[in-house]
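S.K.: Be aware that the sequence shown starts at 176, since it is given in our numbering, and climbs by one per residue. No residue lacks a Cβ here, since even glycine has one placed at the ideal position from N, Cα and C. So that we are looking at the same thing, I have put the structure below in structure tokens.
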Amino acid sequence: MSVKKNKIIIAGGGTGGHIYPAISIAEAILKKDPTAEILFIGTPVGMESRIVPKAGYQLKLIQSGKLNIKGQPLAKLQTLLKVSFGILQSFWIILTYRPQFVLGVGGYASAPMLLAAILCGRKTALWEGNAHPGMANRVLSKFISKAYLVFNEAKKAMSSKQKNVWGMPLRSEIERICETSSINAHPVFTIICTGGSQGSQFLNDRLSDLILQNPQWHNQIKVFHQTGVLDFNRIKNKYAGLACVEVMDYIYDMPSYYQQADMHFCRGGVGSIIETAAFGVVPVVVPLPAADNHQQHNAEAIVHADAGYMLLQKEFDQAQFKKIVTELMQNSLLKSKMSKNLKQLVPLKASHKIANDILESIQS
Numbered sequence: 176m177s178v179k180k181n182k183i184i185i186a187g188g189g190t191g192g193h194i195y196p197a198i199s200i201a202e203a204i205l206k207k208d209p210t211a212e213i214l215f216i217g218t219p220v221g222m223e224s225r226i227v228p229k230a231g232y233q234l235k236l237i238q239s240g241k242l243n244i245k246g247q248p249l250a251k252l253q254t255l256l257k258v259s260f261g262i263l264q265s266f267w268i269i270l271t272y273r274p275q276f277v278l279g280v281g282g283y284a285s286a287p288m289l290l291a292a293i294l295c296g297r298k299t300a301l302w303e304g305n306a307h308p309g310m311a312n313r314v315l316s317k318f319i320s321k322a323y324l325v326f327n328e329a330k331k332a333m334s335s336k337q338k339n340v341w342g343m344p345l346r347s348e349i350e351r352i353c354e355t356s357s358i359n360a361h362p363v364f365t366i367i368c369t370g371g372s373q374g375s376q377f378l379n380d381r382l383s384d385l386i387l388q389n390p391q392w393h394n395q396i397k398v399f400h401q402t403g404v405l406d407f408n409r410i411k412n413k414y415a416g417l418a419c420v421e422v423m424d425y426i427y428d429m430p431s432y433y434q435q436a437d438m439h440f441c442r443g444g445v446g447s448i449i450e451t452a453a454f455g456v457v458p459v460v461v462p463l464p465a466a467d468n469h470q471q472h473n474a475e476a477i478v479h480a481d482a483g484y485m486l487l488q489k490e491f492d493q494a495q496f497k498k499i500v501t502e503l504m505q506n507s508l509l510k511s512k513m514s515k516n517l518k519q520l521v522p523l524k525a526s527h528k529i530a531n532d533i534l535e536s537i538q539s
């Protein structure tokens, strides 16, 4: 008699902060149950359409979008129709694929699939990466009994009965390095700057201005500056071949750069913050201004743990930025303390805990 395979749907995506944790969870599930079948659900507009197939997983796309209350009536109607059609597509996928478990990881595809799964009586769970959950997950948590959280601060906003704060599911190569690495001093103070996968003109200008205005640092620091494709030539020309700065449009091997870094000048996406924390690299976060301020809430969680700094874009003070960098350069004890605090925020093996819980839920 053939044994029934475990079939699991992982729905969501949009950005790397949703996709890479989802892939980490999928990897952990397959390590524990190599016969399991995993189907990813995304939308045509998200990064998952490129990343998930490259990782070796099957991906189906549905229609969805963000119901923006402040949008124009026609735009809201179009999005409502897309979401409604996405729910119908989700019903069809569940009826034909017949999963035992559906995990929503945030992003446009998550809500339609979870709603269909709930109505079809499937076992479900939410993964929430932000310190302040978005509206969709807050509403869905009223109907989904299980939530996997990265930040303890998220518990108060979620209505799920079982709220597990297990941390961020890290990419396997990052977790392997973090398990064996320690906090070491570097020959020179090293800064990484990233502004998300597309880069940030605001961050690019603030850091390049700081470096160029302080020539006394040029033989004391090293800067790895990811600009994004659109701003690469402008920033490269702005530095004009300054020896202490390496300008890149995109950093593909982040773990190797994290291992060299002391400070990360970045946005407040949960993926960037948690990977930075895992390596003990002190973040100076400028949250991307947004209506829900979820990046600001993520940064506030880091500041509250005395593990990094936050500078709001609308109130950005270049003098304060210089003061922070100077403090980290000159005070090795402070930097070491913050690095230790950061590592304590990132418990390892989160993906394995989530995978265990999913497989146990299927069997129960």
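Could you please give the first and the last residue of the uninterrupted beta strand (DSSP E) stretch that includes residue 458?
M.R.: For the purposes of this step, residue 458 is taken as the residue at position 283 of the sequence shown. Element bounds for residue 458: 457-460.
S.K.: Residue 339 bridges to which residues according to DSSP?
M.R.: Taking the first residue of the sequence shown as 1, we reach residue 339 at position 164. According to DSSP, residue 339 bridges with 323.
S.K.: Assign residue 518 to one of two classes, buried (16 or more other C-beta atoms within 10 Å of its C-beta) or exposed (fewer than that).
M.R.: Within the sequence shown, residue 518 is the residue found at index 343, counting from 1. Its Cβ being crowded by 16 or more others within 10 Å, residue 518 is buried.
S.K.: In this structure, does DSSP put residue 176 in helix, strand or coil?
M.R.: As a first step, residue 176 must be located in the sequence shown, where it is residue number 1. Its pLDDT being 46, under 50, residue 176 is placed unreliably in this model, and the coordinates cannot settle the point.
S.K.: CB-CB under 6 Å to residue 474, same chain, minus the five flanking residues each way: which ones, in chain order?
M.R.: The count along the sequence shown starts at 1 and reaches residue 474 at position 299. The answer, listed in chain order, is 443, 460, 462 and 485.
S.K.: Under 8 Å Cβ to Cβ from residue 272, same chain only, skipping five residues before and after it: list those, please.
M.R.: Taking the first residue of the sequence shown as 1, we reach residue 272 at position 97. Taken in chain order, the residues that qualify are 182, 184 and 214.
S.K.: Output the distance between the C-alpha atoms of residue 230 and residue 198, rounded to the nearest integer angstrom.
M.R.: Reading the sequence shown from its first residue, position 55 is the one you call residue 230. Reading the sequence shown from its first residue, position 23 is the one you call residue 198. Computed Cα separation, rounded: 8 Å.
S.K.: Would you call the stretch 202-221 in contact with the stretch 518-537, where contact means no fewer than 3 C-beta pairs closer than 8 Å?
M.R.: Verdict: yes, contact present.
S.K.: Taking the alpha helix (DSSP H) that residue 212 belongs to, which residues open and close that run?
M.R.: As a working mapping, residue 212 is identified with position 37 in the sequence shown. No alpha helix (DSSP H) holds residue 212; the beta strand (DSSP E) holding it covers 212-217.
S.K.: Any idea if residue 401 is buried or exposed, counting beta-carbon neighbours within 10 angstroms, 16 or more meaning buried?
M.R.: Numbered from 1 along the sequence shown, position 226 holds the residue referred to as residue 401. It is buried - the Cβ of residue 401 has at least 16 other Cβ atoms within 10 Å.
S.K.: Under DSSP, the alpha helix (DSSP H) around residue 470 begins and ends at which residues?
M.R.: The residue you call residue 470 lines up with position 295 of the sequence shown. Per DSSP, residue 470 belongs to the alpha helix (DSSP H) from 469-479.
S.K.: Which residues in the same chain have their Cβ closer than 7 Å to the Cβ of residue 499, if we skip the five residues on either side of it in sequence?
M.R.: Translated into positions along the sequence shown, residue 499 becomes position 324. Hits under 7 Å: 459 and 484.
S.K.: Between the Cα of residue 528 and those of 196, 188, 191 and 179, spot the shortest distance and give me the residue it belongs to.
M.R.: Along the sequence shown, one-based indexing puts residue 528 at 353. Comparing Cα-Cα distances from residue 528 to each of 196, 188, 191 and 179, the minimum goes to 196.
S.K.: In angstroms with no decimal places, state the Cα-to-Cα distance between residue 534 and residue 341.
M.R.: The sequence position of residue 534 within the sequence shown is 359, counting from 1. The sequence position of residue 341 within the sequence shown is 166, counting from 1. In a straight line, the C-alpha of residue 534 is about 16 Å away from that of residue 341.
S.K.: Looking at C-beta atoms only, is the number of pairs between the stretch 430-438 and the stretch 363-370 that lie closer than 8 Å three or more?
M.R.: Taking 8 Å as the limit for Cβ pairs, the verdict is that the stretch 363-370 does touch the stretch 430-438.
S.K.: The alpha helix (DSSP H) with residue 251 in it runs from where to where?
M.R.: Residue 251 sits at position 76 when you count from the first residue of the sequence shown. 248-272 is the span of the alpha helix (DSSP H), which, as asked, contains residue 251.
S.K.: Using the C-alpha atoms, what's the distance from residue 302 back to residue 432?
M.R.: Translated into positions along the sequence shown, residue 432 becomes position 257. Translated into positions along the sequence shown, residue 302 becomes position 127. Near 28 Å, if we compare the C-alpha coordinates of residue 302 and residue 432.
S.K.: Quick one: what does DSSP say residue 417 is sitting in, helix, strand or coil?
M.R.: On the sequence shown, position 242 is the one that residue 417 refers to. Coil, per DSSP.
S.K.: Have a look at residue 257 and residue 428 and give me their C-alpha separation to the nearest angstrom.
M.R.: For the purposes of this step, residue 257 is identified with residue 82 of the sequence shown, where counting begins at 1. For the purposes of this step, residue 428 is identified with residue 253 of the sequence shown, where counting begins at 1. Answer to the nearest angstrom: the Cα atoms are 36 Å apart.
S.K.: Taking just the CA atoms, how far does residue 388 sit from residue 411?
M.R.: In the sequence shown, the residue the question calls residue 411 occupies position 236. In the sequence shown, the residue the question calls residue 388 occupies position 213. One C-alpha to the other measures close to 16 Å.
S.K.: Give me, in chain order, the residues of the same chain whose beta-carbon lies closer than 7 Å to that of residue 548; leave out the 5 immediate sequence neighbours on both sides.
M.R.: Nothing about residue 548 can be reported from this structure: the residues present for the chain run from 176 to 539 only.
S.K.: Under the criterion of a Cβ to heavy atom distance below 6 Å, does residue 424 qualify as lining the ligand MN?
M.R.: Among the components of this structure there are no ligands whatsoever, and the ligand MN is therefore not found.
S.K.: Which first and last residues belong to the alpha helix (DSSP H) in which residue 303 is found?
M.R.: As a position in the sequence shown, residue 303 is number 128, starting the count at 1. First-last for residue 303: 298-303, but that is the beta strand (DSSP E), not the alpha helix (DSSP H).
S.K.: Give the DSSP-derived three-state secondary structure of residue 232 in the structure shown.
M.R.: As a first step, residue 232 is located in the sequence shown; it is residue number 57 there, counting from the start. Looking at residue 232 - three-state DSSP - the assignment turns out to be coil, as it is neither helix nor strand.
S.K.: Under the three-state reduction of DSSP, which class applies to residue 317: helix, strand or coil?
M.R.: As a first step, residue 317 must be located in the sequence shown, where it is residue number 142. If DSSP states are grouped into helix, strand and coil, residue 317 belongs with coil.
S.K.: Are the CB atoms of residue 266 and residue 292 within a distance shorter than 7 Å?
M.R.: Mapped onto the sequence shown, residue 292 falls at position 117. Mapped onto the sequence shown, residue 266 falls at position 91. Not a contact, by the Cβ cut-off of 7 Å.
S.K.: Buried or exposed for residue 476, please, with buried defined as at least 16 other CB atoms from any protein chain shown within 10 angstroms of its CB.
M.R.: Position 301 of the sequence shown, counting from 1, holds the residue named residue 476. Buried, because 16 or more other Cβ atoms sit within 10 Å of the Cβ of residue 476.
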